[in-house]
Structures are given as structure tokens and as C-alpha cells.
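Data first, discussion second: the structure below is written as C-alpha cells.
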């Protein structure tokens, strides 16, 4: 993409045609996607020197690139320059910078940006709230996440399954499995259906909490909810059985997994082999899946 854009720009200049801001934006975006922020900045500064006025999209691309490269201070500097040039950051720009701050643990700054965003008349969207909740949960600020969640509900904003899944995951990470279960069980009353990802998080949480039987009951209800388990769900449940030393049911689920066209990931495969060998049994006790190669569906030497 970058090389194509470079060639196009060189060819246009050769023919006396000056590339427009859209073409330069494409080149900047290409460099940002490759993490080459120095090159991206050179092009950004070049278009300013040529007399172009970078638009909101130009700034948003650069800010996103800096945030992904964890160069958030550079992102903030550029963000402030937008105002100096009379440009108003949009919701996407704010979301990008809020996410960047959240990812590096600067949650106070992220929240201040959110308040500024609202004060400036930009309307928070689904992504805004998802980013804020995820940042708080990932950094173990579960009580603040719950406060924000409740504030969003009071505002009348329609929270979706993504927001609930983020909070359920955060509660499980913080060791609040009971609260996570209550949130999960209340989804139907909210008119929401758990996604495969939501189920996977709950199943994993229950297994880690030493409740594989409850996790398996949840696993079995997925089909009733028209939400078929994917490869991740099978692996999570199998590992849950193995972690609780229930080899028999792990074997049964491996058979079911293979029948449905799925395969174990490396972590599950290693657990199966290690547990069976440490138990003094041959790997063939794992039923139809009798080698590590067959378990993973890969050629393991």
C-alpha cells in the first residue's frame, strides 16, 4: 500500500500534477499501519509546508498511529495543535486518544478527555463507552467501572452486549464471580443475548473459580440459545476439566470437539499430554485423539 502510494505521488509530480490531501492521507495511513511514525510525520509536515491544511482525518490518522505505537505524548501534542488550527476533533478522534491513554494506564487523562469531549458537544458512541469500561476493568478499577456503567444506564444510553461482556470479564478478573454471574443471568431481562465471546468468558471464569460443573451446564445451554460453541469454547471447557483433574469428561469433550470439526490449541494439547504422562498413562487413553499431532491438528515434532 505504501509503495503504491509513493509511486503514484512520484508519477503525479513527474507529470506536473500536485497530489491532493486525500492521496497524502493514504500515504500517511500506510506508514502508520506499518508503525513507521517518523516517515508518517515527515509526510504530514511536508503537506503543511506545501500549503495544504491537514483535515480532521489527517490528524486522526496520525493520532491513531502514535497511540498504537504507544507514543501518547506525541499524540496529545498533535491533538492540541488541531485546536490551534481551528479544527474540532470528532468522536473518532476522541475515541482514539481515549483508547491510547487507557492502554498505557493513564486513566485519569482518559476520563478528562471524555469530559472534554462531552463539553465540546461531541456525542459519545458505543465505542467510547466500551473503551472507557475496558480501560477501567483491565487496570482492576472494577468499582469505578461499575460506577461508570450505572451512570451510563442512568443517562438513557442503550448499552449492548459488548459493554456487558467487558464488565463481566472485568468482574471475573477482579475475582467477583458472583457479580459476574448476576450480570450474565440478567442479560435476558435486558433483551440481550450472550455472544460466543460472552459465554467463553463466563465458562473460563467458572472453571478458574473451581466450578467446572456449573461451567459445563452453561456450555450445554449454548445450543439452546442458538449460540454454537466455537473452537475457543471447547478448548476453555476442556482445560477447565483438566485443571480440575476430570480426565474422563475432558476425553468425552475432546471427542465431541473433533466430531464438530474443531481442534485443540497448543495450551490444551500440552495439558492433555502432560497430565496423561504424569498419571503414568499412555497418550492413547485420550480416546480417539491419541497423539499430540492429532489433538492440535498440526504437525508437532
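Residue numbers (the UniProt record's numbering): 1 to 301.
Just so you know, even glycine gets a beta-carbon here, dropped at the ideal spot from N, CA and C.
Quantities reported herein were computed from a predicted structural model and do not represent experimental measurements.
*Can you tell me whether DSSP reads residue 189 as helix, strand or coil?*
helix
*Distance, residue 89 Cα to residue 83 Cα*: Residue 83 and residue 89: Cα-Cα distance of roughly 8 Å.
*Would you please state the rounded distance, in angstroms, between the beta carbons of residue 63 and residue 96? I believe it to be under 8 Å.*
5 Å
*Write down the C-beta distance between residue 27 and residue 43 rounded to the nearest angstrom, noting that I regard them as a contact closer than 8 Å.*
5 Å
_DSSP-derived helix/strand/coil call for residue 17_ = coil
*Tell me which same chain residues have a C-beta within less than 8 Å of the C-beta of residue 56, skipping the five on either side of it?*
82, 87, 88, 89, 90, 93
_Strictly under 9 Å for the Cβ-Cβ distance: is residue 177 near chain D by that measure?_
The chain inventory of the structure shown lacks chain D, comprising one protein chain alone.
*Leaving aside the five residues before and after residue 125 along the sequence, list all residues of the same chain whose C-beta is less than 8 Å from its C-beta, in chain order.*
These residues qualify, in order along the chain: 91, 95.
*How many whole angstroms separate the CB atoms of residue 165 and residue 195, which I take to be in contact at a CB cut-off of 8 Å?*
Between residue 165 and residue 195 the beta-carbon gap is near 7 Å, inside 8 Å, which marks them as a contact.
*Is the distance from the Cβ of residue 9 to the Cβ of residue 40 below 9 Å?*
no
*Whose C-alpha, out of 198, 215, 199, 146, is nearest the C-alpha of residue 206?*
215
*Taking C-beta to C-beta, are residue 141 and residue 107 nearer than 9 Å?*
yes
_Helix, strand or coil, according to DSSP, for residue 214 in the structure here?_
helix
*Taking the alpha carbon of residue 135 as the point to measure from, which residue in 21, 254, 257, 114 has its own alpha carbon closest?*
114
*Status (buried if at least 16 other CB within 10 Å, exposed otherwise) for residue 29*: buried
*The alpha helix (DSSP H) spanning residue 147 covers which residue range?*
142-155
*asked:* Quick check on DSSP: helix, strand or coil for residue 36?
replied: coil
*Could you say which of 85, 48, 103 lies nearest to residue 67 if we only look at CA atoms?*
103
*For residue 254, count neighbouring Cβ atoms within 10 angstroms of its own Cβ and tell me buried if that reaches 16, exposed if not.*
buried
*Secondary structure of residue 58, DSSP reduced to three states*: helix
*Hey, residue 267 and residue 249 are a contact pair by Cβ (cut 8 Å); roughly how many whole angstroms apart?*
In this structure residue 267 is not in contact with residue 249, their Cβ atoms being roughly 18 Å apart against a cut-off of 8 Å.
*C-beta atoms of residue 24 and residue 65 nearer than 9 Å*: no
_Please report the straight-line C-alpha distance between residue 204 and residue 236, rounded to a whole angstrom._
6 Å
*Should residue 152 and residue 198 be called a contact, given that it needs their Cβ atoms to be closer than 9 Å?*
no
*Candidates 47, 245, 182, of which the one nearest residue 19 by Cα*: 47
*Grouping DSSP H, G and I as helix and E and B as strand, with all else coil, what is residue 94?*
helix
_Span separating the alpha-carbon of residue 147 from that of residue 74_ = 31 Å
*Between the CA atoms of residue 79 and residue 182 - distance to the nearest angstrom*: 40 Å
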